[in-house]
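Numbering (the working numbering), first residue to last: 19 to 133.
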Ligand SMILES: [Zn+2]
């Protein structure tokens with residue numbers, strides 16, 4: 019999964035969140051593990067297992083068998099970025115509304131449906 023680290027997508031996503039919110043968003047982000055993608059409110063931790071990345075890649079390969087590995091990686095990275103924002107919204111929802119699927123999650127779900 020070196021292409022994920024090399025892309026800087028995880029660091030860039032966290033930078034955007036830290037710049038957008040005045041309060042510190044203290045959380046751990048774990049790539050690997052068995053469960054997820056998910057946000058664990060007790061551990062304040064987002065987990066993205068490698069199997070998820072592999073599954074996204076495999077699905078793209080089936081849908082678009084002519085894509086190069088580089089093109090598939092680019093799509094996987096975009097999906098990973100989207101997933102990270104999704105899980106971060108769960109964290110922000112809990113802090114602002116006290117519910118995991120409060121207003122922010124509903125807003126993002128609407129945005130997702132529109133794109
Ligand atoms: Zn969710």
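Glycine included, each C-beta is placed from N, C-alpha and C at the ideal position.
Local Cβ density within 10 Å of residue i, reported as buried at 16 or more and exposed below that
| i | result |
| --- | --- |
| residue 64 | buried |
| residue 100 | exposed |
| residue 70 | buried |
| residue 36 | exposed |
C-alpha distance - residue i paired with residue j, whole-angstrom precision
| i | j | result |
| --- | --- | --- |
| residue 86 | residue 75 | 11 Å |
| residue 45 | residue 21 | 23 Å |
| residue 60 | residue 84 | 43 Å |
| residue 112 | residue 58 | 11 Å |
| residue 80 | residue 92 | 16 Å |
| residue 115 | residue 103 | 17 Å |
| residue 110 | residue 39 | 10 Å |
| residue 88 | residue 25 | 12 Å |
| residue 90 | residue 68 | 15 Å |
Check whether residue i and residue j have beta carbons under 7 Å apart
| i | j | result |
| --- | --- | --- |
| residue 28 | residue 95 | no |
| residue 55 | residue 97 | no |
| residue 66 | residue 49 | yes |
For residue i, the three-state DSSP class (helix, strand or coil)
| i | result |
| --- | --- |
| residue 154 | With the chain covering 19 to 133 only, the question about residue 154 has no answer from this structure. |
| residue 44 | coil |
| residue 58 | strand |
| residue 82 | coil |
Residue i at chain D interface by Cβ criterion, 7 Å
| i | result |
| --- | --- |
| residue 84 | The chain labelled as chain D is not found in the depicted structure, where only one protein chain is given. |
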